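Everything on this sheet refers to the single structure shown next.
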Amino acid sequence: MRKIWMKVNPIVYVFFGALLLSNFFVYNKYIWLLDVLGVMFIFHYVKLHTVARNVVVNVTARARVFSNEPFELKIEIVSKNSSVLSIEVIPPLVVKNSSQFLTLEPYKSYVVTFTTAFGTRGIKKLGAYSVKIRSVTNLFDVIITEDIKSDVRVLPNLEETNAMVERILEMLPILKSKYRFAEDVSYIRNIREYESEPMNRIHWKQSARTDKLMVKEYEYSGTAKTYIFLDLNLPAGIYSKEAWRYIHRKYQEDAIKATAGLLRYFSERHEKTNLFISHSRGAYSLALSDYVLYFDYLAEVEGEINNESTTSELLGEIIENVQPIDTVLVTSMFLTKEEVEQLLKLRSRCGRVVVLLMPYGFRESKTKKFKSYFDVPVEVREFYKFARVLEEENILVQIWYENTSFMEGILGIAEKDYI
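For the sequence shown, counting from 1, position 109 maps to 115 in this note's numbering; every step adds exactly one.
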């Protein structure tokens, strides 16, 4: 709502208070002169207030940005007055920029640009801007204040994921399954040297460039889907929940970045990917055509440290939907015996199950290794005894330490012998 109000110098209140008293007790030409000055002051205020009503302000800002990505907030000032105005444009507090001064010419418009960035994801309210119109006497200012109605959705940054993920998924026994995929010749996945393939696979243009016979590898176009299960809530098996509040916060942000990276990676491989998010308000089951649309949901979700739903209950919902040729990636802080039983049921219903456990999140890829004094929590250690059972059922399990980057953890899966 647009609001016009006045900020007055305290001297004005002293002047009018003294003038009012003087008119009661003293009445001479000097008082008359002061009365005239008072009337002129009031007339000037009314006129400036009317001028403020004829100042039009339009605000534009990007609706979506990534964390720490600079974006511009533009405030357009349009004057419908016949007089020159000296104004100060004050941005919202969240912008954290200095105000700008300008002289507004009659019937002209000016655009003031402020550049800022948000360090955390989420839906950010920009708040209110102000336009301050200075009086000639500098004894008062007329201020226009209005809340910016549009919010900014700050999307999470993604953790880069490279082709090593594909190698890990191909290590799983699904390759030996009786279910076969049809190749989609509209998408070339890779080009490599000729070994003993049919002649129709040879990429003749690439062979001419490299002076070697090169063959094309196509994407698979079967009905297989990849399910990514992201559990943002603190698992119910943790007893000292308040002690985990800070750790849980880091896990949540890292797990979201990792999921965003995986979504982009699978999308670039033209794989159908469904996202299942467990958060404080319930759960999202998403199957969207463009992976960028998932980012809107990842921007707003928050985990809960006192959640009522357990991971095992939510895994049960996925079990009902998967097919024998599907892949399921589970990301959580840790799992208990109940979740292990559900994972075994899940593995019996689908082709691939990969469990990513991040008790402390992970180290950023751009950060060098540091000395860590944290150890794997007791609850996670209890999970180790179930690892062999899961391995025998061809379920990949990887636990991230605080000093492990996301890709180092992924590569750690590749180094294990699951075949």
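Here a beta-carbon is modelled for each residue, glycine too, at the ideal position from N, C-alpha and C. A quick note: this is a predicted structure, and the numbers were derived from the prediction, not measured.
| Check | Outcome |
| --- | --- |
| Pick helix, strand or coil for H209, following the three-state DSSP scheme. | coil |
| Here's a check: name, in chain order, each residue in its chain whose Cβ is nearer than 8 angstroms to the Cβ of H50, leaving out the five neighbours to either side. | S141, V142 and T143 |
| Can you find at least 3 beta carbon pairs, one from the region 276 to 283 and one from the region 230 to 243, that sit closer than 8 angstroms? | yes |
| Using beta-carbon positions only, say whether T317 and F368 come within less than 8 angstroms of one another. | no |
| If the criterion is Cβ atoms closer than 8 angstroms, does the pair F120 and N103 meet it? | yes |
| When the Cα of I83 is compared with those of F107, V101 and V118, which residue comes out closest? | V118 |
| Take R353 and list the residues in its own chain whose beta-carbon comes closer than 6 angstroms to its own, dropping the five residues that flank it on each side. | V359, E399 and I401 |
| Under 8 angstroms between the Cβ atoms of I150 and V63? | yes |
| Which residues mark the beginning and the end of the beta strand (DSSP E) in which M46 is found? | Where M46 is concerned, there is no enclosing beta strand (DSSP E), although the alpha helix (DSSP H) it sits in stretches over K35 to R59. |
| So, under 8 angstroms CB-CB, I208 and R159 are touching, yes? Tell me the CB distance rounded to an integer number of Å. | Not really, about 47 angstroms apart at Cβ, beyond 8 angstroms. |
| So, D153 versus G133, is the Cβ gap smaller than 8 angstroms? | yes |
| Within the same chain, show all residues whose beta-carbon is closer than 6 angstroms to that of F21, passing over the 5 residues directly before and after it, in chain order. | none |
| Between the Cα of T109 and the Cα atoms of T122, V101, L99 and V95, which residue gives the shortest distance? | V95 |
| Quickly, what does DSSP pair K222 with across the bridge? List them, please. | I197 |
| Give me whichever residues DSSP pairs with Y135 in a beta bridge. | E152 |
| Report the option in L145, K86 and I93 whose CA atom is closest to the CA atom of N15. | L145 |
| Would you mind stating whether L320 and A289 have Cβ atoms separated by less than 8 angstroms? | yes |
| If you drop the 5 nearest sequence neighbours on each side, which residues of the same chain put their C-beta closer than 7 angstroms to that of Y300? | L269, L281, L292 and L294 |
| Please say whether W406 and L350 have beta carbons closer to each other than 8 angstroms? | no |
| Does DSSP put H285 in a helix, a strand or coil? | strand |
| Taking 8 angstroms as the cut-off, decide whether the C-beta atoms of T373 and Y271 are in contact. | no |
| Evaluate I262 with the Cβ neighbour count: other Cβ atoms within 10 Å of its Cβ, from every protein chain shown; 16 or more gives buried, anything less gives exposed. | buried |
| Under a three-way DSSP split, which group does V307 fall into? | coil |
| What is the DSSP secondary structure of G228, counted as helix, strand or coil? | Legend: pLDDT at G228 = 48, less than 50; position of this residue unreliable, value from coordinates given subsequently. Correct three-state label for G228: coil. |
| So, for D309: in the same chain, excluding its five sequence neighbours on each side, which residues have a beta-carbon less than 7 angstroms away from its beta-carbon? | Checking the displayed sequence, the identity of residue 309 turns out to be Gly instead of Asp. The residues are L238, N239, L240, H254, Q258, H285 and S286. |
| In three-state DSSP terms, what is Y185? | Summary for Y185: the model assigns pLDDT 37, below 50, so the residue's position carries little reliability, and this model does not support an answer. |
| Look up Q434 in the DSSP assignment and say whether it is helix, strand or coil. | Lying before the first or after the last residue shown, residue 434 is absent from the chain, which here runs from 7 to 425. |
| First and last residue of the beta strand (DSSP E) that includes F21? | Looking at the DSSP string, F21 is not in any beta strand (DSSP E); the run it does join, the alpha helix (DSSP H), is P16 to F31. |
| Flag this pair as yes or no: are the beta carbons of E199 and K218 separated by less than 8 angstroms? | yes |
| Residue range of the beta strand (DSSP E) that V395 falls in? | Careful: V395 lies outside any beta strand (DSSP E), inside the alpha helix (DSSP H) at A393 to E398. |
| Measuring straight from C-alpha to C-alpha, what distance separates S105 and I81? | 12 angstroms |
| Do V90 and E111 have their beta-carbon atoms positioned less than 8 angstroms apart in this structure? | yes |
| Sorted by chain position, which residues of the same chain lie with C-beta nearer than 8 angstroms to D332's C-beta, five sequence neighbours on each side aside? | A230, K231, T232, Y233, C356, G357 and R358 |
| To which residues of the same chain is V395 closer than 8 angstroms at the C-beta, ignoring the five residues directly before and after it? | V346 and L350 |
| Comparing alpha-carbon positions, which option in V336, T342, S371 and F376 lies nearest Q404? | V336 |
| Mapping DSSP to helix, strand and coil, what is D260? | helix |
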